[in-house]
Structure formats: C-alpha cells, structure tokens
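Heads up: the sequence shown begins at 0 in numbering that gives the first Met the number 0, then just goes up one per residue. Positions of the beta carbon are idealized from the N, C-alpha and C atoms, including for glycine. Please read all numbers here as calculations on a predicted model, not as lab measurements.
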Amino acid sequence: MEIYLIRHGQSTNNALMQDQHLRVEDPELTDVGHQQVQQLVDHLTHTQNPEELIRIQVNSAEREQRYPYQFTHIYSSAMYRAMQTAYPIAQAFNLPLQIWLDIHEQGGIFLKTEQDVIGYGGKTRSEIMAEFENVILPDEITESGWWDATHGEEDLAGVYARAVRVSLELRARAQNKAHKDDKIALVSHGMFINTLLKALLDIVPSSRHHFWHNNTAFSRVDLLEGDILALRYTNRVSHLPPQLMT
Numbered sequence: 000m001e002i003y004l005i006r007h008g009q010s011t012n013n014a015l016m017q018d019q020h021l022r023v024e025d026p027e028l029t030d031v032g033h034q035q036v037q038q039l040v041d042h043l044t045h046t047q048n049p050e051e052l053i054r055i056q057v058n059s060a061e062r063e064q065r066y067p068y069q070f071t072h073i074y075s076s077a078m079y080r081a082m083q084t085a086y087p088i089a090q091a092f093n094l095p096l097q098i099w100l101d102i103h104e105q106g107g108i109f110l111k112t113e114q115d116v117i118g119y120g121g122k123t124r125s126e127i128m129a130e131f132e133n134v135i136l137p138d139e140i141t142e143s144g145w146w147d148a149t150h151g152e153e154d155l156a157g158v159y160a161r162a163v164r165v166s167l168e169l170r171a172r173a174q175n176k177a178h179k180d181d182k183i184a185l186v187s188h189g190m191f192i193n194t195l196l197k198a199l200l201d202i203v204p205s206s207r208h209h210f211w212h213n214n215t216a217f218s219r220v221d222l223l224e225g226d227i228l229a230l231r232y233t234n235r236v237s238h239l240p241p242q243l244m245t
C-alpha cells in the first residue's frame, strides 16, 4: 500500500509570520496557497512518477510511456485549509473527497488570548457539503461542527493518541488483501504529519526527531507484506517554483 502524506497549501495563519495576534481559528488558503495547490495538482496529474520509472531498465522504450501518480482514495482533515487543498486533487483524479477526522492539526480548533484558550467547532456539516460537492463525511460532523469546543486546545497526549490510531488503521488496512494495493493520499498538516510519521516508525513520543514539510510538500510511505514499512521520501517540493516555496 502506498501512502502519500500531503501538507496543505499556505494558509492565512502561515502567512502572518510575526503578526500572530491576527490568527484565526480555522484559516483559509491565501492566493499563494491556491497557486501552490494548482502546481501540485498539475504535477501529480502530468508529471512522471519517478518511483515508477526506476523499475524500468534505463534504455527501455517503456520509459517513454507516461507513468503519472495514481490514487485510489483521497482523505482530508476537516480543517478548512486542508479541504481546500484536497478537493482539487480529488476532482483531478475523479475521486470522492473523504473526511478523516483524526488527521486534523495538533491542537484542534482554538485561539489563545492572554487570559484563556477558546475552542471552536469548525466547519459545520451543511457548510462543508455546500462548498465541496460529493464529499463523504463521518456522522460526527454535525451542525455544531466537528471539534468539541469545550476541549479548547488538544494536549500532546491527544495528538500522540490520534497518530497511533491512524498508524494502526493504515497498517491493518495494508495487511488486508482487499486493500494491499491501495494508493492513498492523506491531506493533513505539518505537525500532525510529523507525528504520524513518527508513529508509523514506532518512535512516538519523540522530541528528538522532526519531519519538516513545506506547504503542499508530500512524503511517501509504503506499507508492505509482513508489516514492513518503506519510507520512500519526505518533503518533496519539486512541483514548486522558488517564488511559491513557503
């Protein structure tokens, strides 16, 4: 099973740099973020997948054929910036976008003030369905959103637990003969992808390792027979020109 971990495009919060007091709880993509997503979609749909080429002899005529990226499933977190990134990918591959609640960013939907942490519910079921056609939503997304605002900010134990759950689910799925050939795109977030990779590599918790991802960067992990993991690459950004690198 092939798993592609994709970070969302640049959000308005990402673009703030030092102006962190202007953060919003569930930011949208910036113009740059939308351009990054388009570059990613173009790359995935029209560029040769290098991992397919390396299986073919250097001088073989087969190398002249197209070997683009392929997906069987597209998943996204329920955070707005991730859905805005994942939806064009799903459309390009003619696949439904499926929301996987456990792959949201570390912390959840919240804002910090000098005195308190305020939680928010996130996008509601009707808001998501109105913007993203044919999206597949879990029942937990309601007209109150999907994040329990009473939780405020998720703690580290919470994100570790989610990463382990997702890792175990992916590993179990990979050992199922019906899914062993799945090619899965997970559109998520920088800190969660970092933690998920550590969970897949059995190094959670760990503050000594960090897997950095730029906006719209992607990493590939293969889950093979016998529960073997192959980390093919991380933070691939070859689709981005210098002016869109964030």
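With the rule of 3 Cβ pairs closer than 8 Å, the region 21–38 counts as touching the region 73–90. If you draw a 10 Å sphere on the C-beta of G106, you find 16 or more other C-beta atoms in it, and that means buried. Counting along the chain, K182 sits inside the beta strand (DSSP E) bounded by residues K182 to S187. In this structure, DSSP gives K122 a state outside helix and strand, which the three-state scheme calls coil. In the DSSP assignment, I73 is bridged to L96 and A184.
For Y3, there is no enclosing alpha helix (DSSP H); the enclosing beta strand (DSSP E) has its first and last residue at E1 to R6. Measuring C-alpha to C-alpha distances from E104 to each of L96, G121 and H42 identifies G121 as the nearest. Per the DSSP secondary-structure output, T29 pairs with nothing in a beta bridge. Of the residues D201, S206 and Q69, the one whose Cα lies closest to the Cα of L228 is D201. Here Y232 is bridged, per DSSP, to R219. Closest in alpha carbon position to A148, among L43, Y3, K111 and M244, is K111. Of the residues Y159, L100 and V116, the one whose Cα lies closest to the Cα of P137 is L100.
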